[in-house]
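FYI, the numbering for the sequence shown is 20 to 986, going by my numbering.
All C-beta atoms in this analysis are idealised placements derived from N, C-alpha and C, irrespective of residue type, glycine included.
Here is the structure we will look at.
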Amino acid sequence: MLSSSGPEGLWGRHTRKRFVARLLLTSASFALSIPTAIAGTADDPQPQASQPETTAPTTVEPKELVVTGSRVVRDGYKAPTPLSVIGADQLANNANSNIAQYVTNLPAFSGSGSPRSNTTTGANGAAGINSLNLRSLGANRTLVLLDGRRVTPALTTGVVDVDAIPQALISRVDVVTGGASATYGSDAVAGVVNFVLDHTLKGIRAEVSGGATSYGDGQNYKVSLAGGGSFADDRGHFLIAGEHVYDYGIGAGRRDWTLQGRQLLANPAYTATNGQPQRLIYDNVGYMTATPGGIIFAGPLRGTAFGPGGNPYQLNYGDIQADPFMRGGGWQANDLRHTNAISPIESRQMAFARATFDVSRALNLTAQFSFVRAKTQADLTTAYMIGTSGPRVQLDNAYLPASIRAQMIGAGLSSIQIGTLNQDLGVTYQVTDRQTYSYTLGANGIFRMLGTDWHWDSYAQYGQSNNLVTFPNNISRSHYTLAADAVVNPATGSIVCRSTLTSPGNGCSPYNVFGTGVNDTNGAAAQYIRSASRSNLEIDQTVVAASLTGEPVKTWAGPVSLAFSGEYRRDHAHGVVDADSLAVNHIYANYSPIDGSTNVKEGAVEIVIPLAKHYSWADSWDLNGAARYTSYSLAGNVVTWKIGTTFSPTRDFTLRVTRSRDIRAPNLQETFLPASTARQSIFDPFTNTTPAFDQTTTGNRNLKPERADTFGLGGVFTPHFIPGLSASVDYWSINVKDEISIIASGDELQLCYDGSRPELCNNITRVNGVVTQVISQNINIAGQKVRGLDFEASYRRDLGFLGLPGRIDLHANFTKYLQDTISTGISAPIDYVGENSGTNPPRWRTNATLGYQLNGLHTSLTLRGFSSGTQFANYIQCTSACPASTTLHPTINNNYLPGRMYLDFAISYDFTAGRLKGLSLFFNAQNITNRDPGLTVAGNAFGNGANTAVLYDVAGPVLRGGFRLKI
């Protein structure tokens with residue numbers, strides 16, 4: 020089992036240090052292969068297996084190539100939808116232990132999830148997941164494929180965990196930044212990320228690598244082995260691979276910036292007319308209504324806290340007090356930042372096998388199996404109970420200090436309530452264990468029809484993701500309440516739970532809520548209070564699909580390409596949770612069970628028509644179109660389409676335009692979320708009262724697919740008079756309508772009252788005119804529009820023309836976000852561009868690499884970064900003479916978050932040693948200037964590292980080295 024404390028997993032501390040030291044010494048000569056715009060090897064003869072061209076055509080041999088986002092075999096560089104390709108050399112030489120760490124550095128990605136950014140997740144089960152988020156539209160609107168086929172989702176939200184991809188065999192990653200629903204169906208609203216495997220590997224290749232941060236933590240290692248070969252006179256080919264990765268993580272409090280106590284708090288001096296900001300961001304902020312050993316936060320004994328051994332002391336409140344926070348004074352002891360891990364412990368194992376056999380030109384058979392297990396563990400926080408969520412203690416509590424009892428009697432108090440961080444219960448931690456299986460049988464081939472070759476491909480695939488998520492030392496609210504109510508048994512004189520006086524067999528053991536070090540962390544009371552929250556979720560996906568591509572006719576400008584495809588897909592989820600989660604009895608991480616399935620049937624056609632070729636007014640001109648009809652079992656029928664064109668007036672310049680209608684179907688979570696009820700007290704505009712009623716949150720089987728209108732316009736410049744140079748600029752716009760969003764009960768009451776959403780009145784139950792229940796459901800009400808500009812340039816050339824040896828390679832990507840407007844359907848839309856504190860995009864992102872190669876030596880420098888921005892896009896920054904705050908636009912004293920530029924270095928050397936001709940030593944260093952992250956105050960009050968990790972580097976300088984072998 021992974022462990023966050025004590026013995027450190029597979030190795031002890033000293034063994035681990037020896038490993039890293041030896042590895043770095045062995046890697047005295049290092050290398051990183053220069054990033055290119057294209058890499059990888061040719062794949063199977065099926066359409067999805069061909070190699071695409073990119074924005075650096077000088078690196079590619081001319082041939083017909085397939086484009087992700089299109090089923091028509093065409094030159095990828097001529098595609099109307101922009102395509103970026105991350106090659107095998109880039110992935111290998113970057114030397115990350117996980118491919119997602121490299122892919123998400125592309126500027127087109129924003130707000131992607133990672134194990135580091137998910138260390139504060141609880142009930143949503145997303146801990147440990149590497150997800151991809153294009154254009155900041157959400158990971159569930161980015162379609163992730165493996166060899167052009169869907170990957171079984173890890174969550175009921177439809178999000179795919181990149182850890183499920185067999186990373187030892189990836190030859191390239193194709194990133195299509197534009198809608199592709201007409202080609203691949205639901206979820207391709209923001210684009211497609213296709214991981215392409217090396218199906219033609221022959222021989223053996225292996226890697227042993229490892230690294231650590233410059234702080235001496237974050238140690239990790241990777242061992243992989245892959246092999247392939249032919250049989251039956253090259254008619255058959257097999258492929259096998261295995262991989263093991265382990266990362267020891269970065270523990271809580273291991274960076275100074277996590278201990279600054281930066282927090283958002285209300286301004287206690289604010290009034291609507293005094294010109295002060297309504298909210299404040301300051302350092303040195305901690306809780307004032309909870310301490311590690313408990314505090315009386317209200318009443319005549321306010322400020323009485325309990326320290327080591329239960330000894331009372333008076334809390335120093337500091338200079339600013341804004342419930343539940345304070346600045347200064349004794350803030351540091353009451354800050355939870357130091358309890359949350361910066362990076363989790365991770366363990367990943369992969370096994371993969373594939374075999375193909377050419378029966379004939381018309382029939383090629385494929386069988387494939389993959390298994391991936393990914394396990395993570397991270398410290399979360401203590402079982403904190405802030406203010407009124409803490410226990411109420413009676414005057415006769417057996418652990419109540421005598422001095423406090425006397426003060427209570429003097430003040431006429433029969434009870435007190437304390438806020439506590441429950442330090443004696445230790446730090447809670449979460450463990451995720453995901454196992455993903457995939458089985459595929461396929462067949463493809465070529466046959467003659469209408470005087471031309473037609474390529475056909477079909478497959479059946481079954482995938483299953485088993486997700487076990489636990490909080491082993493979570494606590495039961497009801498048991499805590501019983502254990503905290505400790506009294507003296509009048510019959511024996513011993514301290515017992517009050518409840519055992521009437522129910523002696525209930526198992527309760529008394530717990531002392533006064534002070535730290537007053538309870539055995541693993542004693543009977545702690546064991547009684549603890550209750551592991553547990554979710555065991557199984558998601559399975561069945562896909563049967565077929566496609567047919569060919570060139571049935573020719574025009575004056577060349578052959579017309581045509582593709583047909585059809586697919587049946589079934590998604591099912593079944594989850595089981597623990598009893599306390601069902602009763603919402605945990606302090607947090609109360610999981611919900613789920614059970615439901617959907618299916619879809621769809622058919623599509625795509626065509627490419629050449630309109631001109633080698634004319635005086637046009638070097639080439641192609642028209643591309645696609646349409647898909649989809650029938651969902653619950654969400655109804657929908658048609659998606661795409662039309663695009665590429666026009667090259669000369670061979671040096673290509674203009675590309677595309678327009679599409681894309682969709683995202685309701686996922687299993689949105690559809691089948693089980694009902695959960697909580698008591699609410701909210702204003703009812705019908706009666707002008709504030710009644711108490713039951714709010715029931717549940718899924719909605721009447722949801723419709725989200726619709727997105729996508730437009731792209733761009734140009735590509737490849738001047739023949741500057742060999743090796745290519746550049747492109749693209750404008751893109753995605754407007755999502757009918758976004759699925761859950762509506763709070765108060766909003767439902769208001770929208771029903773004002774008549775803007777009369778259908779919501781059906782969710783409100785009244786008895787004698789008084790609200791008794793409001794059902795909150797996901798509905799198609801929200802919207803989002805994102806726009807931006809993409810710039811890409813590459814230059815690759817031998818330096819012989821300057822009389823110098825070697826070759827340089829420059830590749831740069833830049834994205835300027837122009838708009839990210841989100842409308843809830845209730846309040847006014849807000850543009851979130853530049854909000855650097857969450858999953859929204861910064862104003863710009865860039866990634867540029869300069870490489871140099873001389874024989875077997877490869878070096879590179881990479882500059883990646885993003886612009887400065889705000890904590891909250893809708894806040895107004897001011898310190899005096901502030902405008903009046905509103906609900907949508909509060910005022911704040913400091914709304915700034917810095918931008919960052921990170922510098923990475925890599926070097927490698929390829930050499931031979933005896934009969935071993937494919938040896939390579941490599942080393943790289945990331946964030947070598949050690950730029951600390953900007954500190955966000957959004958998100959959980961204890962998760963500074965996790966909140967920050969969405970955008971910023973949080974590990975510090977990371978050094979990795981190792982060797983590779985090819986035989």
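DSSP beta-bridge partners of residue i
i    : result
G888 : L916
G261 : L244, A370
A932 : L935
A582 : T568, E625
D266 : N239, E365
M468 : T471
M345 : G305, Q340
E767 : DSSP output for E767 lists no bridge partner at all.
P331 : F325
Status (buried if at least 16 other CB within 10 Å, exposed otherwise) for residue i
i     : result
D472  : exposed
S600  : buried
A309  : buried
K661  : buried
F1009 : Nothing in the structure corresponds to residue 1009, since the chain is present only between 20 and 986.
K394  : buried
G569  : buried
N656  : exposed
E586  : buried
Q333  : exposed
V572  : exposed
V658  : exposed
A974  : buried
Q67   : Bear in mind that the predicted position of Q67 carries a pLDDT of just 35, short of 50, making it unreliable; the figure below should be weighed with that in mind. When all chains shown are included, Q67 counts as buried.
I798  : buried
L414  : exposed
P509  : exposed
W640  : buried
V211  : buried
D1068 : Residue 1068 lies beyond the range of the chain shown here (20 to 986); nothing can be said about it.
As assigned by DSSP and simplified to three states, the class of residue i
i    : result
N963 : helix
S366 : strand
R678 : strand
N353 : helix
T690 : helix
N239 : strand
R169 : strand
A925 : strand
S249 : strand
Q838 : strand
T277 : helix
V603 : coil
Q480 : strand
H498 : helix
Cut-off 6 Å between Cβ atoms - residues of its own chain near residue i, not counting five sequence neighbours on either side
i    : result
M345 : M307, Y336, G337
N115 : Y121
D377 : R254, N383
N353 : G305, Y306, T310
L978 : G230, A944
P909 : Q297, R298, Y894
A479 : L460, V563
Selected residue, minimal CA-CA separation from residue i, among the options
i    : options                : result
L954 : E854, S879, P902, K936 : E854
I300 : I315, G280, V195       : G280
Y971 : V956, L722, F941, S856 : S856
P185 : L258, D108, D713       : L258
L487 : E621, D476, S927, Q454 : Q454
N159 : G294, P410, P491, D180 : D180
T447 : R549, T385, D539       : R549
Neighbourhood of residue i by C-beta distance below 7 Å, restricted to the same chain and skipping five residues each side
i   : result
P99 : N643, G663, T664, T665, R675, V676, T677
T15 : Lying before the first or after the last residue shown, residue 15 is absent from the chain, which here runs from 20 to 986.
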